[in-house]
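Numbering (the numbering used here), first residue to last: 14 to 219. Note that CB positions come from ideal geometry on N, CA and C, so glycine has one too. Following: one structure in structure tokens, then a few remarks.
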């Protein structure tokens, strides 16, 4: 996973008020990941209210206020979609849900009170997208939920949200991701209205 992929996810959560922690600074390539290396980011919402409902499975920006804390696995396979067949044939996609990995979550998120002890961190998967046609889309969603995924976010949804929020008259020098998007918008290579026309319903294409 490149730094830009993780940077998009980080900015998406930070722009919604989350505290984000990167679990490791190195990339595992020549060996199998250890349990704690299957998790890419930890996110925590300091504005979360205890009485809030659970967020929907599709974590659009409007659902983020209902998310308390989560472990996030980022799968930036931008050339395809996550069909049920692909998920079954690629066990590494859901390896962050294995029992040994789940045990690490308590170390990352030690409960501070009795209420938090009963509120397990959500397990979020960031992916390129799902099939748009039925029944393949529903099959993929059902399989992810069955395996223990609490929510998913697509790169398309995150990028659309970031593009809308970035203002061209601001200098985002502290974020390479935001600055690149701002430059593209400034030179009209990215336009909010253009993306809306081309993209149609954002929810339909997650």
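Problem - Straight-line Cα distance separating residue 182 from residue 87 - result: 31 angstroms
Exercise for the section: Using 10 angstroms around the beta-carbon of residue 81, count the other beta-carbons present and answer buried if the total reaches 16, otherwise exposed. Expected result: buried
Problem - Cβ neighbour criterion (16 or more within 10 Å) applied to residue 211 - result: Reliability fails at residue 211, whose pLDDT of 48 lies under 50, so the model's placement of it is uncertain and the value that follows must be treated cautiously. Burial is judged here by how many other beta carbons sit within 10 angstroms of a residue's own beta carbon; residue 211 has fewer than 16 and is exposed.
Handout entry: Environment of residue 190 [buried if 16+ CB atoms lie within 10 Å]
Key = buried
Exercise for the section: Please work out which residues of its chain come closer than 6 angstroms, Cβ to Cβ, to residue 121, disregarding the five sequence neighbours upstream and downstream, and give them in chain order. Expected result: 55
Practice task
Check each candidate in 144, 171, 134 and name the one with the smallest Cα separation from residue 163.
Solution key: If we check each option's Cα against that of residue 163, 134 comes out closest.
Practice task
Measure the alpha-carbon distance for residue 84 versus residue 197 and round it to whole angstroms.
Solution key: 31 angstroms
Problem - Beta-carbon proximity check, residue 143 vs residue 70, cutoff 8 angstroms - result: no
Problem - Environment of residue 195 [buried if 16+ CB atoms lie within 10 Å] - result: buried
Exercise for the section: Put residue 167 into one of helix, strand or coil per three-state DSSP. Expected result: strand
Handout entry: Rounded straight-line distance, which links the Cα of residue 23 to that of residue 106
Key = 19 angstroms
Practice task
Report the residue ranges of all beta strand (DSSP E) runs contained in full by the region 128-165; include only those spanning at least 3 residues, in chain order.
Solution key: 135-140
Exercise for the section: Mark residue 202 as exposed unless 16 or more other C-beta atoms lie within 10 angstroms of its C-beta, in which case mark it buried. Expected result: Classification for residue 202: exposed.
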